[in-house]
Amino acid sequence: MSFQTKRKIIRDRRRSSDASRRSLSERLYDWRKKNDLSQSEAALKLKISKRTLQEWEHGRSEPRHLAMEAVGAVIGC
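In terms of our numbering, the sequence shown is residues 25 to 101.
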């Protein structure tokens with residue numbers, strides 16, 4: 025496999041990862057606003073820290089698999 029091909033694969037993976045993080049970020053934010061919740065209130069409902077919620081909403085990190093399932097169950101996605 026050529027260097028250019030490897031580079032394209034890595035770039036494509038990063039883009040898809042960024043898109044899914046952004047999508048989760050948007051869904052979390054939209055869910056929180058729709059339910060008129062502060063970040064503290066939403067974090068309590070999700071059983072996570074406020075800081076974790078902030079990281080997820082801003083796309084700086086994402087939940088691990090089990091946490092993702094729990095979040096999906098709560099916010100309905």
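Glycine included, C-beta positions come from ideal geometry on N, C-alpha and C.
Please report the residue range of the alpha helix (DSSP H) in which M92 lies. 89 to 99
Work out the CA separation of P87 and G96 for me, nearest whole Å. If I take the Cα positions, the gap works out to 11 Å.
Residues in its own chain within less than 7 Å of I99 by CB, not counting five upstream and five downstream? R51, L52, W55
Give a yes or no on whether the C-beta atoms belonging to S64 and K74 are separated by under 7 Å. yes
Where do the N-terminal and C-terminal ends of the alpha helix (DSSP H) with L68 fall, by residue? Run containing L68: 63 to 70, per the alpha helix (DSSP H) assignment.
Here's the rule: buried if 16 or more other CB atoms are within 10 angstroms of the residue's CB, otherwise exposed. What is L90? exposed
Going by beta carbon distance, what residues of the same chain come within less than 7 Å of S49, once the five residues before and after it are set aside? W80, E81, H82, G83
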